[in-house]
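Quick notes on the structure that follows.
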Amino acid sequence: MQQRISPLQRPGRPLRTAEPSPAVFHSLVDDAIADITLGYAALCTTDPEAARTLVHAATARMNASEQSGARSSVAGLPAVPRLLRSLHDTAASLRSLPERASLLTPEYATWLDDRCARREPPPLHLQSLYDLSALEAELLWWNKVEALSADLLATALGWEAEYTARVLEQVGVIFVERCRARHMENARRQRTCRSYGGMLEASMRRGDPELPPELREHLDVCAMCGELWECLNAAREGTLGDLIASAALGWRGSAYVAARRDSAHAASRPVSPHRATRAAGARVPRRRAVPRSIAAVAAVGAVGVLVAAVTVVAAQRSPAGGGTEVQAETASVQPPVGPERTRTGTAGPTTVPSRSSAPKKGHRTSPAPKVRPTEPKPHNTVIQPPPRKVQSNPPPLCTSRLKVDDDWGTGASVELTVQSRAALSDWQVSFDIAAGTTLKEAWNGTSTAEGSRVTVTAADYDRAVSAGGSLTIGMVYDGPTSDNWIRNVTLNKATCASA
C-alpha cells in the first residue's frame, strides 16, 4: 500500500499552517470525555449506575495497560474510538463475573459473545480508516462522527475557518478513495468483483435511482462489494459518520452518532439574553414605551427642519436674465420672510411683525459674484482603432489522468480517468503503452491491442457520459514501473490533454 500523506502536504497545495500536535485532539477528548464515555456506555448497560461502573472499570483497565507499556490492538485509530473500544474489552471481562453480568443489556451481551466467537477480517471501512494519516483520521472522526463544525475545529487547531472547511471536505474524499483502493486490492484476484465494482461506480456517477438487477444480486452475496456500495452511497447521502462509527465501534455506531449530533446541536443553539439573565436569577428591565406627546413633538420638529431646508434651497436658486446666479455666501437657516404673521390665542388674534431681510444700518454688503457658464473648448478627437482579436487555442475536448492504485515492482494496478467536455452516448478510448509492458487485464470496457496501441470500448452498462462527466478504466499490466506508462490518450479519436 502506498503511504498516505497529510492533506496539508499534498503536491501542488501550499503549506499554509503547521500540522497540529496530537495533544490538541486529546484536549478535545478531555473536554467532552464524560459525554463521550457515559453516552456510549448507556447504549450497552441497563441503567445509568451500570454505565458509570463500566466507565470506571474501563478507565482503570486503560491506566494499567499504559503503565505496563502494552501495545493496544487499536493503536492506529483516532483517540475517541480507541477509548470507546476499550469499553468492549472491559465489558467482556465483566461478563465472565456472575455478579457483574447483569450490568449489560441482553442484546449487548449476545453481541459480545458473537464478537468473541467469530474472527473475521476487519470491514472495508475500518481498513480504510487505518489507511488514513493520524491527522486525517482525527479530522474525519471529529467532523463526521462527533459533529464538530469547521468553525469549532478551526478555533481548536488555530486555523482559518475557510481553510479548515476545505481540508475537511478533502478528507472525506480521501476516505472514499481509500475505500475504492482497498476494494481494488482485495479484489485483485477476483475478476468478477472488479467488473461489478466498475459497474457500481458507473451507476453512482450517473445517479441512477436503482441499481441494475444483476448488480443487486451480486451485492447480496458478495460482502466485499457490498461494503464498497455502502461507502459510495454514504458519501452521496452524507452519512459517512454513521458508516465510520459502525465500522470502528461495532455496537450501535449509528445510535452513538445520533446522540452526539443532538448534543452538538443543543450546545450550538442560541440562547436569548432575557432567558439567560432569568436563568442567572437577575431581573430583566422592561423596555419603556415612548410617550405619545414626546413622539408627536419629535415628529413636528422633524417636519419643521425639513420645511426650512427646502426653503433655503429654493431661495438660493432665482432666475435672472438668461443665465443662473449662484449665491456665493453660505445661507443660514432662517424663518421664511413674508407678510406679517398672526398668532391665534384665547384672547383673540395678535399681530406679530415679521423679521425683515433688509441689512442693518451701517452694515456694508458686497454684491454676490456671478458665475457665468463656460462653454466647452473644442478639442481634437482621436478615433482609436478597434482592438485586435487574439486568436487563442480552443480548450481540449477531453482530459486524462492516470492513478496508480498498487505497484508491486514487476507490474501495477492503475486507473485511467478521462473527462469529456461534451455529452457522449458511446465512447472509445485509445492510448500507447510504454515499451516492455503488457496489458494483462482491463475492466469497465473491452480492450484490444495492436502493438503498443491499446483501444478500450465502453461496456454496455457504462456507455453514456454527461457533459463534463468522466469515465474510468481499470487495468493491470506487467512490466517495470514507468512514470510515462500511458501516452497519446484519445477519446473518440480526439486528443486528450493530461490533467
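Numbering (numbering that gives the first Met the number 0), first residue to last: 0 to 498. Glycine included, every Cβ here is placed at the ideal spot set by N, Cα and C.
Return the CA-CA distance between residue i and residue j, expressed in angstroms with no decimal places.
i, j, result
"T409", "H182", "21 Å"
"R187", "S64", "39 Å"
"A59", "M223", "37 Å"
"A149", "A136", "15 Å"
"R462", "D431", "22 Å"
"A57", "T89", "5 Å"
"K402", "A164", "26 Å"
"W250", "N62", "23 Å"
"G478", "T471", "22 Å"
"T494", "P394", "11 Å"
"Y476", "Q189", "16 Å"
"T45", "V23", "34 Å"
"M474", "A411", "8 Å"
"R205", "M198", "11 Å"
"T191", "L214", "11 Å"
"G450", "G75", "46 Å"
"Y129", "P120", "13 Å"
"A233", "L490", "31 Å"
"A160", "P19", "15 Å"
"L82", "P211", "41 Å"
"F174", "K439", "28 Å"
"V488", "S419", "12 Å"
"L248", "D459", "40 Å"
Helix, strand or coil for residue i per DSSP?
i, result
"T154", "helix"
"A498", "coil"
"Q315", "Note on Q315: pLDDT 46, under 50, position unreliable in the model; the coordinate value appears next. If DSSP states are grouped into helix, strand and coil, Q315 belongs with the helices."
"R520", "Limits of the chain in this structure are 0 at one end and 498 at the other, which puts residue 520 out of reach."
"T104", "coil"
"A493", "strand"
"R251", "coil"
"G240", "helix"
"S95", "coil"
"S469", "strand"
"I485", "strand"
"D477", "strand"
"T45", "coil"
"H217", "helix"
Pick out whichever of the options has its Cα sitting closest to the Cα of residue i.
i, options, result
"V172", "K143, A155, S148", "K143"
"T398", "V170, T238, A496", "A496"
"Q169", "E184, G206, R205, L131", "L131"
"S446", "D461, A434, Q427", "Q427"
"K492", "L396, H87, T89", "L396"
"L227", "G252, R193, A247, A244", "R193"
"D219", "E236, P479, Y195", "Y195"
"S253", "T238, S429, A265, E161", "T238"
"T456", "G468, A466, G467, W442", "W442"
"L102", "Q126, G467, A50, S245", "A50"
"R99", "E48, L42, L125, C178", "E48"
"Y39", "S26, Q126, E145", "E145"
"A108", "A258, C43, A244", "C43"
"T454", "G435, R486, S469, Y460", "R486"
"A265", "D34, D404, A180, S429", "D34"
"A41", "R400, S469, T104, Q126", "T104"
"L123", "S245, L27, A257", "S245"
With a 10 Å radius around its C-beta and 16 neighbouring C-beta atoms as the bar for buried, classify residue i as buried or exposed.
i, result
"C230", "buried"
"V464", "buried"
"N483", "exposed"
"W407", "exposed"
"D241", "buried"
"C115", "exposed"
"P208", "exposed"
"H55", "exposed"
"L96", "exposed"
"R287", "Low confidence applies here, because R287 scores a pLDDT of 39, under 50, leaving its location unreliable; read the following figure in that light. Classification for R287: exposed."
"D29", "exposed"
"E184", "exposed"
"A201", "buried"
"G444", "buried"
"R235", "exposed"
"P77", "buried"
"Q66", "exposed"
"T36", "buried"
Let me see if you follow: with CB-CB separation under 8 Å, is residue i close to chain B or not?
i, result
"R177", "No chain B appears in this structure, which consists of one protein chain only."
Whole runs of the beta strand (DSSP E) within the region 385-460, excluding any shorter than 3 residues
397-406, 410-419, 427-432, 437-442, 444-449, 452-457
Please give the ranges of any alpha helix (DSSP H) in the region 115-203, keeping only runs that are unbroken, at least 4 residues long and fully inside the region.
123-130, 133-139, 149-156, 160-185
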